[in-house]
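Undergrad: First residue of the sequence shown: 525, per our numbering; consecutive thereafter.
Input: one structure, supplied below.
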Amino acid sequence: MQKKRILVAALNWGLGHATRCIPIIKALLKNDYEPVLASDGDALRLLKKEFPHIICLELPSYNIKYTEDPGNLKWKLLFDSPRILNVIKAEKKMTQGIIRDYQISGIISDNRWGVRNKQLRCVFITHQLQVLSGNTTYFSSKIQQKYIEKFDECWVPDLPGSKNLSGILGHLKTENSAIKYIGPLSRIEKRSLPIVYDYLIILSGPEPQRSFLEKRLLDAFKDTEHKILFIRGVFSVEEMSLKNTNINIRNHLYGAFLQQAMNSCKYVIARSGYTTIMDLYKIEAKAFFIPTPGQFEQEYLAERLEKLGIAPHCKQENFSLEKLENLEDFSGFSNFSFEYPFRDLFTLF
Numbered sequence: 525m526q527k528k529r530i531l532v533a534a535l536n537w538g539l540g541h542a543t544r545c546i547p548i549i550k551a552l553l554k555n556d557y558e559p560v561l562a563s564d565g566d567a568l569r570l571l572k573k574e575f576p577h578i579i580c581l582e583l584p585s586y587n588i589k590y591t592e593d594p595g596n597l598k599w600k601l602l603f604d605s606p607r608i609l610n611v612i613k614a615e616k617k618m619t620q621g622i623i624r625d626y627q628i629s630g631i632i633s634d635n636r637w638g639v640r641n642k643q644l645r646c647v648f649i650t651h652q653l654q655v656l657s658g659n660t661t662y663f664s665s666k667i668q669q670k671y672i673e674k675f676d677e678c679w680v681p682d683l684p685g686s687k688n689l690s691g692i693l694g695h696l697k698t699e700n701s702a703i704k705y706i707g708p709l710s711r712i713e714k715r716s717l718p719i720v721y722d723y724l725i726i727l728s729g730p731e732p733q734r735s736f737l738e739k740r741l742l743d744a745f746k747d748t749e750h751k752i753l754f755i756r757g758v759f760s761v762e763e764m765s766l767k768n769t770n771i772n773i774r775n776h777l778y779g780a781f782l783q784q785a786m787n788s789c790k791y792v793i794a795r796s797g798y799t800t801i802m803d804l805y806k807i808e809a810k811a812f813f814i815p816t817p818g819q820f821e822q823e824y825l826a827e828r829l830e831k832l833g834i835a836p837h838c839k840q841e842n843f844s845l846e847k848l849e850n851l852e853d854f855s856g857f858s859n860f861s862f863e864y865p866f867r868d869l870f871t872l873f
């Protein structure tokens with residue numbers, strides 16, 4: 525009997541959407557499904573690297589880019605909305621062809637609005653049932669919820685109830701039977717390893733803000749005695765190096781290497797992206813967050829985690845080594861060991 529093929533599509537905005545699809549892809553394989561993967565840009569390159577023997581297809585690119593002034597991001601996205609709508613139409617048309625050519629039986633879409641089809645059971649993955657955008661939050665949330673309604677189910681990678689990671693982003697006041705809380709998704713497992721690094725720095729997200737933070741952190745740490753593993757979060761053949769420092773720089777780490785690094789450091793410094801938060805939750809890490817400027821979601825998550833006493837944060841332009849002095853005053857993450865059984869989720873297909 526031929527295995528059911530499930531199309532798994534991830535948004536290419538940073539690497540978080542692709543990385544959190546990895547445990548779902550592995551679960552599909554374990555439960556005797558055949559995943560077909562789709563994305564674009566760096567997210568697609570990541571999936572190809574993690575799953576070299578699985579079919580990987582290229583989708584149209586949303587090509588979302590940041591402005592140098594983070595305050596203009598919301599307005600740039602609004603200005604780009606006609607183009608984004610055209611991309612959604614294009615990926616919806618391409619999805620029809622993929623379904624036909626690869627005999628797809630179901631769809632799992634991580635934040636790709638156009639990867640769906642009325643003839644198949646389709647799932648939308650998001651931690652943002654509400655999309656924060658300042659004084660336009662009501663409208664951005666309604667648009668998101670309208671698109672989610674076009675899918676059969678919405679899987680939220682978070683915990684149900686008041687003890688959760690996403691706060692108001694992933695939890696509505698009214699219940700909805702189509703929304704399933706499947707537990708945090710992470711490719712990282714907790715391991716008991718000797719501490720090798722004082723700080724693990726993980727950069728991520730779109731340019732130019734990634735580069736701005738990279739320069740600020742390298743300048744701050746280059747003359748210290750702290751032992752640091754610095755992951756730049758870029759796909760480049762040429763590696764960066766600094767002479768006469770204790771900073772070990774890597775462009776990117778995959779799978780088991782990243783897991784080893786995260787389990788062998790004392791502290792993590794990173795963006796407060798939701799996928800990073802899920803990884804840190806999984807290994808019960810202590811962290812310091814620097815939200816991407818202009819990303820209301822990351823700013824909200826960092827502020828919430830600090831108020832809960834889990835991890836401190838600061839704005840990018842305010843970072844200094846002195847900000848790290850109170851890290852021990854925070855509890856770090858606690859893993860509540862909640863996981864929705866994938867086998868039950870996959871019965872939808």
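Glycine included, C-beta positions come from ideal geometry on N, C-alpha and C.
Who does residue 559 pair with in a DSSP beta bridge?
TA: Beta-bridge pairing links residue 559 to 530.
Undergrad: Quick check: the segment 755-764 against the segment 685-703, are there 3 or more CB pairs under 8 Å?
TA: These segments do not touch.
Undergrad: Drop a sphere of 10 angstroms on the beta-carbon of residue 761, count the other beta-carbons inside from all chains shown, and report buried for 16 or more, exposed for fewer.
TA: Exposed: under 16 other Cβ atoms inside 10 Å.
Undergrad: So if DSSP puts residue 634 in a beta bridge, which residue, or which two residues, is it bridged to?
TA: DSSP lists 534 and 649 as partners of residue 634.
Undergrad: Shorter than 6 Å, the distance from the beta carbon of residue 532 to the closest heavy atom of the ligand ZN, or not?
TA: The model on display carries no ligand, and the ligand ZN is accordingly not part of it.
Undergrad: For residue 707, which residues in the same chain have their Cβ closer than 6 Å to its Cβ, ignoring the five residues on either side in sequence?
TA: These residues qualify, in order along the chain: 862, 863 and 864.
Undergrad: Between which two residues does the beta strand (DSSP E) carrying residue 772 extend?
TA: 771-774 is the extent of the beta strand (DSSP E) around residue 772.
Undergrad: Would you give the residue range spanned by the beta strand (DSSP E) that residue 794 belongs to?
TA: Segment 789-794, the beta strand (DSSP E) holding residue 794.
Undergrad: DSSP three-state call for residue 896: helix, strand or coil?
TA: What is shown of the chain runs 525 to 873, which leaves residue 896 out entirely.
Undergrad: Could you tell me the distance, in whole angstroms, from the CA atom of residue 824 to the CA atom of residue 745?
TA: Roughly 27 Å separates the two Cα atoms.
Undergrad: Report yes if the C-beta distance between residue 778 and residue 573 is below 7 Å; otherwise report no.
TA: Yes, Cβ-Cβ distance for residue 778 and residue 573 is below 7 Å.
Undergrad: Look at the alpha carbon of residue 663 and the alpha carbon of residue 783, and state the distance between them as a whole number of angstroms.
TA: The alpha-carbon atoms of residue 663 and residue 783 are separated by roughly 38 Å.
Undergrad: Use the C-beta contact count for residue 871: other C-beta atoms within 10 angstroms, 16 or more gives buried, fewer gives exposed.
TA: Label assigned to residue 871: exposed.
Undergrad: Kindly indicate which residue of 676, 704 and 666 has the alpha-carbon position closest to the one of residue 683.
TA: Of the listed residues, the one whose Cα sits closest to residue 683 is 704.
Undergrad: In angstroms with no decimal places, state the Cα-to-Cα distance between residue 752 and residue 773.
TA: Cα to Cα, residue 752 sits roughly 8 Å from residue 773.
Undergrad: Can you tell me the Cα-Cα spacing of residue 877 and residue 619, whole angstroms?
TA: Nothing about residue 877 can be reported from this structure: the residues present for the chain run from 525 to 873 only.
Undergrad: From residue 490 to residue 562, what does the alpha carbon distance come to, in whole angstroms?
TA: Any property of residue 490 remains undetermined from this structure, which presents the chain solely from 525 to 873.
Undergrad: Using a 10 Å radius around the Cβ and a threshold of 16 neighbouring Cβ atoms, would you call residue 577 buried or exposed?
TA: Residue 577 is exposed by the Cβ-count criterion.
Undergrad: What does a CB cutoff of less than 6 Å around residue 655 pick up in its chain, not counting 5 residues either side in sequence?
TA: Cβ within range, chain order: 664, 665 and 668.
Undergrad: Distance check for residue 796 and residue 817, CA to CA, integer angstroms please.
TA: Taking the straight line joining both Cα atoms gives about 11 Å.
Undergrad: Got a sec, what are the start and stop residues for the alpha helix (DSSP H) residue 820 sits in?
TA: Start and end: 820-831.
Undergrad: Classify residue 729 as buried or exposed, calling it buried when 16 or more other Cβ atoms lie within 10 Å of its own Cβ.
TA: Per the 10 Å Cβ criterion, buried.
Undergrad: Quick one: measure Cβ to Cβ for residue 794 and residue 813, integer angstroms, because I've assumed they're closer than 8 Å.
TA: With 8 Å as the limit, residue 794 and residue 813 qualify as a contact, their Cβ atoms being about 6 Å apart.
Undergrad: I'd like the list of long-range same chain contacts for residue 834, defined as Cβ closer than 7 Å, with 5 residues on each side in sequence excluded.
TA: Here the set comprises 854, 855, 856 and 857.
Undergrad: For residue 712, which option in 548, 538 and 741 has the closest C-alpha, if you only look at C-alpha atoms?
TA: Per the Cα distances, 548.
Undergrad: Note down, one range per segment and in chain order, each alpha helix (DSSP H) of at least 4 residues found wholly within the segment 645-713.
TA: Listed in chain order, the complete alpha helix (DSSP H) runs (minimum 4 residues) inside the segment 645-713 are 661-672.
Undergrad: Given that a residue counts as buried once 16 or more other Cβ atoms are within 10 Å of its Cβ, and exposed if not, what is residue 657?
TA: Looking at its Cβ environment, which holds 16 or more other Cβ atoms inside 10 Å, residue 657 is buried.
Undergrad: With a floor of 3 residues, list each beta strand (DSSP E) that falls wholly inside the segment 733-770, ordered by position along the chain.
TA: Correct list: 752-755.
Undergrad: Could you check where the alpha helix (DSSP H) with residue 567 kicks off and where it finishes?
TA: It spans 565-574 - the alpha helix (DSSP H) in which residue 567 sits, taken as one unbroken run.
Undergrad: I'd like the span of the beta strand (DSSP E) that includes residue 721, first residue to last.
TA: 721-726 is the span of the beta strand (DSSP E), which, as asked, contains residue 721.
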